[in-house]
Amino acid sequence: MADTMQFDLVSPERSLASLQATAVQLPGADGDLTAMPNHAPTITTLRPGIVRVESPEGNAEFVVTGGFAEVTAAGTSVLAERALPVSEVTQDILDGFVSDAAAASSNATAENLDELAKRTVDIAAMASDLGLSVKG
Amino acid sequence: MPNLKDLKNRIESVKSTRKITKAMQMVAAAKLRRAQEAAEAGRPYAERFNAVLGGLAASSGGDSAPKLLSGTGSDQVHMLVVMTAERGLCGGFNSSIAKMARAKAEELIASGKTVKMLTVGKKGREQLKRDFEDTMVDHVDLSSVRNVGYDNAQGIANDLIHRFNEGEFDVATIFYNKFESVISQIPTAQQVIPASFDAPEEGAEEASTVYDYEPSEEGILATLLPSGVATQVFTALLENGASEQGARMSAMDNATRNAGDMIDKLTIQYNRSRQAVITNELIEIISGAEAL
């Protein structure tokens, strides 16, 4: 069947998903993109955001905090530094992301200041998508 | 000839030692299963990551490549990251890593290079301290960490990258034990900075795919290389964790068996001397009766 492709989501600690998907929405560093079967081969870095997977068995959503995705005609693999299903994200975990980002920003160098500031904004945007809020 | 009471005490003490080693063996077996699962769960990520990074690195080699990939152009100062366990009683696990690191350090010093050491895990530090204390730059203590996570690896990797950017060293190598099986762990040295990758196999299908890169090939490479270091450190930590438990399990299995043998031997000795005492008493009684 050409209308599905292999989708894998792996983090360094475990493999979160491996299934047949019809479309995968990725939060690319340069903007969101949707990968579908027979997509042109692409490698993109990810910003903090939500990966949405559409599959014949239903949809799934995962929160990722960075990493990269490899899209080929036959499948999509997301290699996330930290990833977890949306249902497992609580305010505490979100606060953890925020404090990590804040800690990174506080010892930022001139070159990566923009990048880290963007990261903080991305996390806030992700939080509002999830219906949670960022404190402070 | 030790008397009966001494022998009895001795047997009791070996018995309680056997109980301890037996318990440690069982704990190690349970932990080994968990550590092995963790190592297996981390494998897909590391494999994919290295495949992608290897492809990127091969295609964007040259002068413009980031320093983490191309190196500083010198190999004068070597950083040896020695990863060992926090605890002992695991056979030759810690010694084999320390031995390998020591050999490498001596070889480097003999050829006029400067050696710096960063130790992860207490045991390796203890073994190497005598000869290399002045070369040790830092120590990472993981004794309070129950399950090694990616965060720990990232911490070590960030520290390494920071030192590299500050120009503290030119080449970094990590030493760890690769888990082969419960009875076999292979001490491994792996160069992480500048990054080295296994060349993609010739004619492999993936290698021929031309990818679009977002944001750009160089941009991705620059973001991924630090994560690549972290991934390699993480893989090493996981392999080390599984190896440690495997080594401890077989060491404790041996110890338990030795204790069993010892108990058997001591019991025979105990029974012999008990019989000797009885025989002695009988002889005394009989010869006493005959003398009358």
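Line order of the protein sequences matches chains A and B. For the first sequence, position 87 (counting from the first letter as 1) is numbered 104 according to this note's numbering, and the numbering increases by one without interruption. For the second sequence, position 191 (counting from the first letter as 1) is numbered 197 according to this note's numbering, and the numbering increases by one without interruption. Virtual Cβ for every residue (Gly too), placed ideally from N, Cα, C.
- In the DSSP assignment, T62(A) forms a beta bridge with F85(A).
- Within the same chain, and ignoring the five residues on either side of Q160(B) in sequence, the residues whose Cβ sits closer than 6 angstroms to its Cβ are A236.
- Only buried fits V20(B), as 16 or more other CB atoms lie within 10 angstroms of its CB.
- Shown here, F175(B) sits in coil according to DSSP, grouped into three states, outside any helix or strand.
- Taking L101(A) as reference, the option from T89(A), E78(A), D20(A), V115(A) with the minimal CA-CA separation is E78(A).
- Comparing C-alpha distances from L38(B) to each of E186(B), L86(B), S149(B), V83(B) shows the shortest one belongs to E186(B).
- Assignment of I192(B) by DSSP, reduced to helix, strand and coil, places it in the strand class.
- Neighbourhood of I103(B) in chain A, by CB distance below 8 angstroms: empty, with the nearest CB roughly 22 angstroms away.
- If you look at G234(B), you'll find it isn't in any beta strand (DSSP E); it sits in the alpha helix (DSSP H) that goes 223 to 297.
- From the beta-carbon of I226(B), the residues of chain A found nearer than 8 angstroms are I60, T61, T62, F85.
- D144(B) has a beta carbon lying at 8 angstroms or more from every beta carbon in chain A.
- Residue contact check for E98(A) against chain B: a CB pair falls below 8 angstroms.
- Interface annotation, V58(B): in contact with chain A, CB-CB separation under 8 angstroms.
- Residue-level contact check: G155(B) touches chain A, since one or more beta carbons of chain A fall below 8 angstroms from its beta carbon.
- Within the region 76 to 94 of chain B, contact with chain A at the beta-carbon level (separation under 9 angstroms) is assigned to no residue.
- C-alpha of I162(B) to C-alpha of V239(B): approximately 8 angstroms in a straight line.
- In this structure, the beta-carbon distance from A41(B) to Q251(B) falls below 8 angstroms.
- Of all residues in the region 47 to 59 of chain A, those with a C-beta nearer than 9 angstroms to a C-beta of chain B are D47, G48, L50, A57, P58, T59, reading in chain order.
- Residue contact check for R31(A) against chain B: a CB pair falls below 8 angstroms.
- Legend: CB atoms of the region 179 to 200 of chain B lying less than 9 angstroms from CB atoms of chain A are not found in any residue.
- Counting only Cβ-Cβ distances below 8 angstroms, S28(A) has contacts in chain B at Y51, Y156, in chain order.
- Within its own chain, the residues whose Cβ lies closer than 7 angstroms to the Cβ of A261(B), once the five positions on either side in sequence are excluded, are T27, listed in chain order.
- Per DSSP, K105(B) lies in no beta strand (DSSP E) segment; the continuous alpha helix (DSSP H) that holds it begins and ends at 99 to 116.
- At least one C-beta of chain B is nearer than 8 angstroms to the C-beta of G45(A).
- Within the region 105 to 123 of chain A, contact with chain B at the beta-carbon level (separation under 8 angstroms) is assigned to no residue.
- F24(A) has its alpha-carbon roughly 6 angstroms from the corresponding atom of S35(A).
- With its beta carbon at least 8 angstroms from every one in chain B, S145(A) lies outside the interface.
- Listed in chain order, the non-local C-beta contacts of S145(A) below 6 angstroms within the same chain number zero, local neighbours out to five positions each way being set aside.
- DSSP places K119(B) in no beta strand (DSSP E); its state is neither H nor E.
- For E53(B), the enclosing alpha helix (DSSP H) begins and ends at 10 to 65.
- Relative to the Cα of E18(B), the nearest Cα in the group S279(B), E224(B), F138(B), D270(B) belongs to D270(B).
- DSSP lists G45(A) as the bridge partner or partners of G48(A).
- A distance of 8 angstroms or more separates the beta carbons of L133(A) and A97(A).
- For a cut-off of 8 angstroms, the C-beta gap from T90(B) to G130(B) is around 3 angstroms, short enough to register as a contact.
- For S72(A), the nearest beta carbon of chain B is not closer than 8 angstroms to its own beta carbon.
- Taking each of L134(B), D137(B), T125(B) in turn and checking the Cα distance to D147(B), the smallest one comes out for T125(B).
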